[in-house]
Structure formats: structure tokens, C-alpha cells
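K.L.:
Dumping the structure here so I can ask a few things about it.
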Amino acid sequence: MTSASLDLDDCRHCRSCDLAKTRQEVVVSRGNPEARLMLIGEAPGAREDATGLPFVGRSGQALDRLLVEVGLSPDQDCYICNAVKCRPPGNRRPRRSELEACRQWLDHQLALIDPEVIVLAGATALEAVLGSKGRMTDLRGRWQRWEGRDVMPIFHPSYLLRNPSTADGAPVALTRLDLIAVRQRLCER
Ligand code: URA
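All residue numbers for the sequence shown refer to our numbering, where the first residue is 1 and numbers rise by one.
Here is the structure:
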């Protein structure tokens with residue numbers, strides 16, 4: 001067991017908000033705790049809640065496909081987690097109070113993994129980390145700086161599933177470009 005997973009053990013018993021009452025599993029992370037890239041999503045869905053692993057449902061499969069397409073291994077090159085570690089009932093968006101209660105774990109993960117590059121998947125992750133109310137359509141694909149790290153906002157994979165066009169300029173193609181920029185940034189450093 002790595003030091004990152006050891007230190008996050010307390011997270012699996014967290015009861016800081018009401019999501020603890022309805023969750024099956026606390027969903028901490030998957031991927032490589034030594035990775036230079038950390039990808040942060042919103043919150044677990046049903047499959048994540050059942051397995052205890054983030055991004056393993058349809059959204060996760062779409063995300064993995066894109067990562068692999070641009071030459072990033074989800075297992076080796078990424079540490080994948082969510083802004084909120086427990087499933088909100090009915091997959092509703094996490095409440096501000098839940099994001100705040102869970103922030104301690106995200107901060108812990110950021111300190112342990114110490115990523116050089118962060119990908120924020122979707123508006124909730126964007127708001128959780130950057131505190132930004134900017135629109136995802138304006139911010140995606142634009143490098144941000146946060147606490148000495150390069151941050152790339154991308155569309156959430158569930159948005160890509162709802163907008164599956166593969167045309168140039170469509171969300172899937174734009175996200176592929178954003179992830180290519182991420183891989184290039186990692187290669188440059
Ligand atoms: N959506 C997310 O934001 N995270 C997951 O783990 C699954 C779906």
C-alpha cells in the first residue's frame with residue numbers, strides 16, 4: 001500500500017456530511033499516486049458508489065478512451081478523483097455544503113500527490129478548485145494557474161456522452177485537443 005492511500009484511509013470512514021447516510025462506498029481515487037497529472041471530476045455515480053472507484057461507469061469509459069487516444073495511460077499517467085467522494089442521491093449535483101465538507105480530502109490528495117498539472121472535468125470541479133463562476137464553454141482549453149500548478153478545465157465526460165458528435169469543433173474534438181495540450185505540457189516539463 002502506498003503512503004498516499006494509507007494517509008487517505010480516514011476518508012473511507014468520513015461522516016462529515018449527510019452523503020455518508022446514503023453512500024455504499026467512499027470513492028477516493030484510482031490511477032497512480034506518483035502521477036504528475038491529477039484529474040478531478042464532480043462526484044461518484046451509481047457504478048462508482050458500488051465499486052469504490054471513480055470514473056468507472058459510462059462517463060469514465062469515455063474519459064479513458066480519450067486519455068488513451070491522446071497517449072495518456074489512465075492507470076500510469078493519471079491520478080483520478082472527484083471533488084466530492086460520496087454519491088449524491090439520484091446523481092444530483094453536490095451541494096455547496098457537501099463540497100465544503102469534502103474539501104479537506106481534496107486538499108489532502110493535492111498535498112500527497114503534488115501534481116504538476118491538474119485537469120478539472122466539468123463545472124463543479126472548476127468551481128471547487130478555482131472558485132470560478134466562469135462558464136465552462138469560455139474556460140475550457142485555456143490554461144489557468146493555481147497554487148503554482150498548471151490547470152486545464154475540460155468538459156465533463158457526461159456532457160460528451162450527451163453530445164457525441166465527432167465533428168471538428170464539437171465538444172468531443174475540443175476535449176481531445178485539450179487533453180493533447182495537457183500531454184504536451186507534461187512532455188515539456
Ligand atoms: N462523474 C464524475 O464526476 N465522477 C465520477 O467518478 C463518475 C462520474
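Beta carbons are placed, not taken as given, at the ideal position from N, Cα and C, and that holds for glycine.
Decide if P44 is buried, meaning its Cβ has at least 16 other Cβ atoms within 10 Å, or exposed.
P.N.:
Its Cβ being crowded by 16 or more others within 10 Å, P44 is buried.
K.L.:
Can you tell me whether C78 is helix, strand or coil according to DSSP?
P.N.:
It is a strand residue.
K.L.:
Residues around the ligand URA, please: the condition is that the C-beta lies closer than 5 Å to some non-hydrogen atom of it.
P.N.:
The set, ordered by position in the chain, is G41, E42, P44, G45, E48, P54, F55, S59 and N82.
K.L.:
What residues are listed by DSSP as bridge partners for D150?
P.N.:
DSSP, once it has assigned bridges, lists V117 and R145 as partnering D150.
K.L.:
Taking the Cβ atom as the reference point for each residue, do E42 and G131 lie within a distance shorter than 8 Å?
P.N.:
It is not a contact, given that the beta carbons lie outside the stated cut-off.
K.L.:
Should E69 be listed as close to the ligand SAH, given that the test is whether its C-beta is under 7 Å from any heavy atom?
P.N.:
Absence of the ligand SAH is noted for the structure shown, with the ligand URA being the only ligands found.
K.L.:
Relative to the alpha-carbon of F155, which residue among E98, R96, L120 and I180 has its alpha-carbon at the smallest distance?
P.N.:
With distances taken between Cα atoms, F155 lies closest to L120.
K.L.:
In or out: L10 buried (at least 16 other Cβ within 10 Å) or exposed?
P.N.:
Going by the sequence as given, residue 10 is Asp instead of Leu. D10 comes out exposed.
K.L.:
Among E188, D178 and V28, whose alpha-carbon lies nearest the alpha-carbon of C102?
P.N.:
Of the listed residues, the one whose Cα sits closest to C102 is V28.
K.L.:
Which one or two residues does DSSP pair with G169 in a beta bridge?
P.N.:
Note: G169 sits in no beta bridge, so no partner.
K.L.:
Could you pull out every residue in the same chain whose Cβ sits closer than 6 Å to the Cβ of N91, ignoring the five residues on either side in sequence?
P.N.:
Closer than 6 Å at Cβ, skipping near neighbours: G45.
K.L.:
Output the boundary residues of the beta strand (DSSP E) element that contains G41.
P.N.:
First-last of the beta strand (DSSP E) with G41: L37 to G41.
K.L.:
Could you tell me whether the Cβ atoms of M136 and Y79 are closer together than 8 Å?
P.N.:
Contact flag unset, no.
K.L.:
Taking C-beta to C-beta, are A173 and N163 nearer than 8 Å?
P.N.:
For A173 and N163, no; Cβs fall outside 8 Å.
K.L.:
Give the C-beta separation of A35 and P157 to the nearest angstrom, bearing in mind that I take them to be a contact with Cβ-Cβ under 8 Å.
P.N.:
About 18 Å; that fails the 8 Å criterion.
K.L.:
Near R185, which residues of its chain fall below 7 Å by C-beta distance, leaving aside the five closest residues on each side in sequence?
P.N.:
Correct list, in chain order: V117 and D150.
K.L.:
V68 lies in the alpha helix (DSSP H); which residues open and close that run?
P.N.:
That run of the alpha helix (DSSP H) goes R58 to E69.
K.L.:
Among the candidates L72, V84 and Q109, whose CA atom is the shortest distance from the CA of E127?
P.N.:
For the residues L72, V84 and Q109, the minimum Cα distance to E127 belongs to V84.
K.L.:
DSSP state of M1, grouped into three classes?
P.N.:
Here M1 scores only 48 on pLDDT, less than 50, and its place in the model should not be relied on; the value that follows carries that caveat. Correct three-state label for M1: coil.
K.L.:
How close, in whole Å, do the beta carbons of V26 and C86 come, if the pair is a contact with beta carbons under 8 Å?
P.N.:
Contact flag correct, Cβ pair sits at about 6 Å.
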